[in-house]
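First up is the structure itself, then whatever we jot down about it.
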Amino acid sequence: MAKNKILSYLVYLSTSALLLFSACTQEQVVNVNPVCFEKDVLPIFISNCTQSGCHNSIDREEGIELTSYASIVSNGIAPGDYAASKLYQVLIAVGEELMPQKPYNKLSAEQITTIALWIDQGAKNTTCASTGNCDVSKVTYAKTVKPIMDRSCNGCHAGSAPSGNINLSNYTGVKKYALNGSLFGSINHDAGFVRMPDGASKLPSCEISSIKEWIRLGALNN
1 MAKNKILSYL VYLSTSALLL FSACTQEQVV NVNPVCFEKD VLPIFISNCT
51 QSGCHNSIDR EEGIELTSYA SIVSNGIAPG DYAASKLYQV LIAVGEELMP
101 QKPYNKLSAE QITTIALWID QGAKNTTCAS TGNCDVSKVT YAKTVKPIMD
151 RSCNGCHAGS APSGNINLSN YTGVKKYALN GSLFGSINHD AGFVRMPDGA
201 SKLPSCEISS IKEWIRLGAL NN
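In this note's numbering, the protein residues as written are 1 to 222.
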C-alpha cells in the first residue's frame, strides 16, 4: 500500500512539473516583446552592413542596398519565417557566405536573435515612437551613450580597422570626438560635418538630445 502511494505521488509530481514547464514555455513565447524595426533592427543593418564599399545607397555591393525598410525587406526576407530568409542565413553562414565579411566583425548572438525575432513577428515597419517626453536628466556614458554607440556606430567604428580610423567602441574614443564637437555635429547632421550614420537617417531625436546633454555635462565616464 505504501509503495503504491509513493508511486502515485511521484506520478503526480512528474505531471505537475510537465504542466508547469509547458505553461512557462508558452508564457515566454507569448510574452516576447515586439521588436521595433526603427529602434532595434535598422541600426544593426546601418551600423554593420552599409560601410563604404558595402550595401549603402551609393556602392550597392552586388546590387544590394540595406539602408531602409523597403530595401531590407526586398532582399531575402520571408516574413514570419526567419529560417527561410536569405538575409538571416548569411548572418549565420560560414566561410565566404558569412556577412558581414572580414575585416568587419560578425554580428553578435543578440543582434542575430533580434533580427530573427523581427522576421518571425512579420518583419513589420514599426517605428515605436515614444508617447512620453524625452528624459535626459539621468544620462550617463554606460547606460545611455555606450548603448547608442554599440547599436548605431560600432559596426563601422570599432575593431582593428575602424572606418576613418575613428574608434567609438570605448570611452576614450567617444570622449575625444564628443569634446571636439564632431560627434554631435555628425549625428545632428550639422553643416560642415560628415553626416552619421553614413547614408542613413538621423538617430532618433531623443538619442541625439541625450548625447548632447551628456556632452554638455562634460562627457563624463559615468
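Where is the CB? At the ideal position from N, CA and C, for every residue including glycine. It should be emphasised that the depicted structure is a prediction, and the values quoted were computed from it without experimental measurement.
From which residue to which residue does the alpha helix (DSSP H) around Tyr171 run? Tyr171 to Leu179
Tell me whether Asn154 is buried or exposed, calling it buried when 16 or more other Cβ atoms sit within 10 Å of its Cβ. buried
State the Cα-Cα distance for the pair Pro197 and Asn167, rounded to the nearest angstrom. 14 Å
Please determine, among Ile148, Thr50 and Arg216, the residue with the shortest C-alpha to C-alpha distance to Lys39. Ile148
Between the CA atoms of Ser85 and Val29 - distance to the nearest angstrom: Caution is warranted here: a pLDDT of 36 is assigned to Val29, below 50, making its placement in the model unreliable, and the coordinate value is therefore given only provisionally. Going by the C-alpha atoms only, they are around 21 Å apart.
Identify whether Asn193 lies in helix, strand or coil by the three-state DSSP scheme. For clarity, residue 193 is Phe in the given sequence; the question names Asn instead. In the structure shown, Phe193 sits in coil (DSSP, three-state: anything other than H, G, I, E or B).
Under the rule that 16 or more other beta-carbon atoms within 10 Å means buried, what is Asn170, buried or exposed? exposed
Distance CB(Ala219)-CB(Lys175) smaller than 9 Å: yes
Which parts of the segment 114-144 are runs of the alpha helix (DSSP H), unbroken and 4 residues or longer, counting only runs that do not cross its ends? none
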